Amino acid sequence: MTKKIAVIPGDGIGIEVVAAGLSVLQKIGKKFGHTFEYTKALAGGIALDTAGIPLPGETLAKCRESDAVLLGAVGGPKWDMNPQHLRPEQALLGLRKELGLYSNIRPAKIYSALVGASTLKKDVVDGVDLIVVRELTGGLYFGTPRGIEERDGEKVGFNTMIYSESEIRRIARSAFEIARARRKKVCSVDKANILETSQLWRAVVTGIAKDFPEVELSHMYVDNCAMQLIRNPKQFDVIVTENMFGDILSDAAAMLTGSIGMLASASVGGTVAMYEPVHGSAPDIAGQNKANPIATIASVAMMLRFSFSLGKEADAIETAIEDVLRAGLRTGDIFTEGTTLVGTREMADHICQRI
Ligand code: NAD
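First residue of the sequence shown: 0, per numbering that gives the first Met the number 0; consecutive thereafter.
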């Protein structure tokens, strides 16, 4: 099989973890007889420095011409004071919008060797295996009108939370389809006691559930869900929620696993899907060979499984990750006494050796 991949390392540790991800992909290609062709593309701070904008048209064109996109992370203190439209993070919003990536899939699964790395008690996190399906192109992050303006002698900031039935329908479908292949439970998270958008969300999700009689649907308010994720995360199989709630809850879910450096994600919906670690560019450890590459390597596994239907190859990566963890190899973020500290490159090499 030959596949074209647009590779966007971005900024900070994005560059290091993407290099690690590509080394694993190369090993998979060699072992299973596939050719992966890469086209490097710029986005984020590096694109601002090079082309003056966070998401050059050339990058979008390269993504559209590829079979999948692998992204590292964007952002950093250098560009923090930039005006809104010239911030690196605009590249992410642009990629999601332009590629039609309305569904963000974030698995949070505890590796048994890492149960001790979570800040929560072992019996709370042991066995957690959930997926947050976050709506990615609507809601508060995209709604208009938005802005900061002068009213009655003082500045006011405002944003609009807006969802159409069709936007809710397609993300709900995405969640039910995922749940159907798992433990068959969807928990839809909203704030229907306060927000009209949530009342519509709840009604539409309930309607879609009728097409999936084998899947059990429950509803939960977002504040309760934040609490339940910490109190009893094992109750969840698939959580589906709107953009901002999902942004926050998926980071909380991430910490169940011990480190944000472990978590992969897929953004799907359009013709080309995008795969990226959940974490950001981590300027505090960038360029020091300290970043955990597992989130990106696991994102590569998701790419093989979802975009290329290469399940065997994805399994090989996931098993290799479990093997290195069982062998006690750890980057700094998941290091505990009695384990062996390794750098980004060494962790990737060990995973490659076990494939
Ligand atoms: P972050 O995820 O970059 O870092 C948070 C903390 O987690 C830091 O202490 C960091 O060292 C640690 N960390 C993150 N990834 C790690 C890894 N792979 N291995 C080990 N430790 C890791 O979040 P932040 O500090 O809030 O943001 C830093 C920059 O990244 C900002 O400019 C932000 O806008 C951007 N950001 C980008 C994305 C993205 O590109 N998808 C996502 C979130 C934040």
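We put the CB at the ideal spot given by N, CA and C, even for glycine. Nothing here was measured: the structure is a model prediction, and the numbers come from that model.
### Task
Go through its chain and collect everything with a Cβ distance to residue 174's Cβ below 6 angstroms, but skip five positions before and after it.
132, 185, 237, 239
#### Entry: Cutoff 7 angstroms; reference residue 63; Cβ partners in own chain excluding five residues on either side
For residue 63, where only same-chain residues beyond five positions count, the Cβ hits under 7 angstroms are 271.
### Query
If you drop the 5 nearest sequence neighbours on each side, which residues of the same chain put their C-beta closer than 6 angstroms to that of residue 269?
Excluding sequence neighbours, residue 269 sits near 98, 99, 100.
#### Entry: Start-to-end residues for the beta strand (DSSP E) that takes in residue 103
102-108
### Message
Between residue 140 and residue 92, how many whole angstroms is the CB-CB distance? I'm expecting something under 8 angstroms.
### Response
7 angstroms
#### Entry: CA nearest to the CA of residue 242, picked from 136, 41, 207
136
### Message
Just to confirm my understanding: we take residue 10, look at its own chain, exclude 5 residues before and 5 after, and list those with CB closer than 7 angstroms. What are they?
### Response
43, 44, 45, 72, 73, 74, 75, 87, 280
### Residue environment, residue 36, which counts as buried when at least 16 other CB atoms sit within 10 Å
That one is exposed.
### Task
Would you tell me roughly how many angstroms separate the C-alpha atoms of residue 89 and residue 53, rounded to the nearest one?
6 angstroms
### Query
How is residue 322 classed by DSSP in three states: helix, strand or coil?
helix
### Query
Starting from residue 5 and walking both ways along the beta strand (DSSP E), at which residues does that stretch end?
1-9
### residue 256 Cβ short of 7 angstroms to the ligand NAD heavy atom set
No, the Cβ of residue 256 stays beyond 7 angstroms of every heavy atom of the ligand NAD.
### Task
Please list the segments of the alpha helix (DSSP H) lying wholly inside the stretch 234-266, counting only runs of 4 or more residues, in order along the chain.
Within the stretch 234-266, the complete alpha helix (DSSP H) segments at least 4 residues long are 242-255, listed from N- to C-terminus.
### Segments assigned beta strand (DSSP E), at least 3 residues, entirely inside the stretch 54-112
67-72, 102-108
### Message
Tell me whether residue 88, by its Cβ, gets closer than 7 angstroms to a heavy atom of the ligand NAD.
### Response
Yes, the beta carbon of residue 88 sits closer than 7 angstroms to at least one heavy atom of the ligand NAD.
### Query
Relative to the ligand NAD, is the shortest distance from any of its heavy atoms to the C-beta of residue 73 smaller than 7 angstroms?
yes
### Message
Suppose you measure from the CA of residue 47 to the CA of residue 39; what does that come to, to the nearest Å?
### Response
16 angstroms
### Message
I want to check one thing, is the minimum distance from the CB of residue 231 to the heavy atoms of the ligand NAD below 7 angstroms?
### Response
no
### Task
Per DSSP, which residues does residue 220 bridge with? Please list them.
189
### Task
Counting only the same chain and skipping the five closest in sequence on each side, list residues whose C-beta sits under 7 angstroms from that of residue 49.
41
### Query
Where residue 332 and residue 342 are concerned, what is the direct C-alpha to C-alpha distance, given to the nearest angstrom?
11 angstroms
### Task
Kindly provide the ranges of any alpha helix (DSSP H) runs that are 4 or more residues long and lie completely inside the stretch 114-173, ordered along the chain.
Fully enclosed alpha helix (DSSP H) runs of 4 or longer: 121-124.
#### Entry: For residue 225 and residue 123, the rounded distance between their alpha carbons
15 angstroms
### Message
Taking the alpha carbon of residue 0 as the reference point, which residue from 18, 12, 33, 13 has its own alpha carbon closest?
### Response
33
### Query
For residue 157, does the count of other Cβ atoms within 10 angstroms reach 16, so buried, or fall short, so exposed?
Its Cβ having fewer than 16 others within 10 Å, residue 157 is exposed.
### Message
Within the continuous alpha helix (DSSP H) that includes residue 355, where are the two ends?
### Response
Outside the shown range of the chain, which is 0 to 354, sits residue 355, and nothing can be said about it.
### Query
From residue 129 to residue 172, what distance separates their C-alpha atoms?
17 angstroms
### Task
May I ask you to report which of helix, strand or coil DSSP gives residue 194?
coil
### Alpha-carbon spacing of residue 291 relative to residue 2, whole angstroms
26 angstroms
### Query
Which of the three DSSP states, helix, strand or coil, is assigned to residue 328?
strand
### Task
Report the option in 244, 152, 234 whose CA atom is closest to the CA atom of residue 190.
244
### Task
Identify whether residue 336 lies in helix, strand or coil by the three-state DSSP scheme.
coil
### Element boundaries [alpha helix (DSSP H), containing residue 15]
12-31
### Message
What residue range does the beta strand (DSSP E) around residue 272 cover?
### Response
272-276
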